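Protein chains in written order, with my numbering: chain E, 3 to 178; chain R, 1153 to 1353.
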């Protein structure tokens, strides 16, 4: 199988797993979301990763923060509504202590949302990210995954800054 | 010990002093153990006990001392890690007991200073004043090795067990409302870099 063929068969989650490994990231914390399921399943089934599923997103952020200070690289996965529960942890832990907390956020609330609460909470996400000066980018197409995820992870760790990799429904729901 | 094992509870525990017990704990640390000091008085007394490079002082993110400590414990499984937090703080993150119990690191010990007060904001009462038993909550969450320290000697013995990495372990300590013995210097990046150097990370 040629490299191009292989890339076509890989789902977005497979690409993310490959990039995590390439960057020596072997700790995953998450609060589940249906959209994140392919990524959660992939890391859970792969013994390379230590996977922790705490009760709240704040815990997920704090565990990755502690692990980083102990010399181990991790990322955290959550949904838009989960992101809305962590601004305090970002503003008082990740940002001032300059910790590279890389968040994968599955974006709910846009392009076909059926829950008003999800639509409203989603509108708080970018203003929070902007006001805290946190790098963020919404991936809309599978062809962007490799470049954006790799680049944002590298930048987060090189600059000791948190980052939000937003997974748009254009990536996760639209047939590719 | 005047009380039998089965009768040891919050109500039989002696009310002790956070500054004194923090110093007692730190004096036992001979192997560069990591200590995460929770927001406010928990880390003020840790600071006042001597600024070990393996100490991390939280400046906010109330309730997350145990979760940060869990991350350190997972990253460095050969190093014993302590989290020191107050009752008001941990009441915000009771789910973290379940997370620690599930991950079950043998090198993590959570110490909860319980004076039933939000001491730093004017000594308003916390829920432990009306019956929430944090050791009971921890046990219910699966942290079976959770005890109320009955007195200073018992505290020493429980810390000694933790130092043998028999965790996860939780030690509940009833404390008075005395002020902390110092105030942490609030420079987050300096705190992080010192801590990471102290952990060799």
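All C-beta atoms, glycine included, are put in the ideal place defined by N, C-alpha and C. Fair warning: this is a prediction, and the values are worked out from it, not measured in the lab.
Residue 17 (chain E): member of the alpha helix (DSSP H) spanning 14-24, first to last residue. Per the coordinates, the alpha-carbon of residue 1319 (chain R) lies some 9 angstroms from the alpha-carbon of residue 1262 (chain R). Across the set R:1234, R:1226 and R:1269, the C-alpha of R:1269 shows the shortest separation from the C-alpha of residue 1327 (chain R).
Within chain E, the residues whose beta carbon sits less than 7 angstroms from that of residue 1220 (chain R) are 64, 67 and 68, listed in sequence order. A residue is called buried once 16 or more other Cβ atoms fall within 10 Å of its Cβ, and residue 30 (chain E) is buried on that count.
About 7 angstroms separates the beta carbons of residue 1322 (chain R) and residue 1287 (chain R), which is inside the 8 angstroms limit, making them a contact pair.
No Cβ of chain E is located within less than 9 angstroms of the beta carbon of residue 1162 (chain R).
Using a CB distance below 9 angstroms, the part of the stretch 1206-1220 of chain R facing chain E consists of 1208, 1210, 1211, 1212, 1213, 1214, 1215, 1216, 1217, 1218, 1219 and 1220, ordered along the chain. Burial of residue 164 (chain E) is indicated by the presence of at least 16 other C-beta atoms within 10 angstroms of its C-beta.
In this structure, residue 64 (chain E) and residue 1220 (chain R) form a Cβ contact; the two beta carbons are roughly 5 angstroms apart against a cut-off of 8 angstroms. In the DSSP assignment, residue 42 (chain E) falls within the unbroken alpha helix (DSSP H) covering 39-46.
Excluding residues up to 5 positions away in sequence, 1246 and 1249 lie with their Cβ nearer than 7 angstroms to the Cβ of residue 1289 (chain R) in the same chain. Rounded to the nearest whole angstrom, the C-alpha separation of residue 1293 (chain R) and residue 59 (chain E) is 18 angstroms. Here residue 124 (chain E) really is in contact with residue 110 (chain E); their C-beta atoms are around 6 angstroms apart, less than 8 angstroms.
Residue-level contact by beta carbon holds for residue 94 (chain E) and chain R, with a gap shorter than 9 angstroms. Look at the beta carbons and you see the stretch 1296-1305 of chain R not touching the stretch 1222-1241 of chain R: under three pairs across the two are nearer than 8 angstroms. Annotation: the continuous beta strand (DSSP E) that includes residue 138 (chain E) extends over 137-141. Within chain E, not a single residue places a beta-carbon under 7 angstroms from that of residue 1325 (chain R); the smallest gap is close to 22 angstroms. Residues 1197, 1200, 1201, 1330, 1332 and 1333 of the same chain have their beta carbon placed closer than 8 angstroms to that of residue 1171 (chain R), with the five preceding and five following residues left out of the count. One thing to note: residue 1189 (chain R) has its Cβ no nearer than 9 angstroms to the Cβ of residue 1214 (chain R). Within the stretch 1173-1225 of chain R, the runs of beta strand (DSSP E) that reach at least 3 residues and sit entirely inside it are, in chain order, 1186-1189 and 1207-1209.
Cβ-Cβ separation between residue 54 (chain E) and residue 155 (chain E): approximately 19 angstroms, too far for a contact (criterion under 8 angstroms). Within the model, the alpha-carbon separation for residue 1183 (chain R) versus residue 1315 (chain R) is close to 9 angstroms. Taking C-alpha positions only, residue 1168 (chain R) is separated from residue 131 (chain E) by approximately 43 angstroms. Interface annotation for the stretch 99-122 of chain E against chain R: 99, 100 and 101, criterion Cβ-Cβ distance under 8 angstroms. Within the stretch 1222-1246 of chain R, those residues whose Cβ lies closer than 7 angstroms to any Cβ of chain E are, in chain order, 1222, 1223, 1224, 1226, 1227, 1228 and 1245. DSSP, read as helix, strand or coil, puts residue 1292 (chain R) in helix. With its beta carbon at least 9 angstroms from every one in chain R, residue 79 (chain E) lies outside the interface.
Here DSSP, grouped into helix, strand and coil, assigns residue 127 (chain E) to helix.
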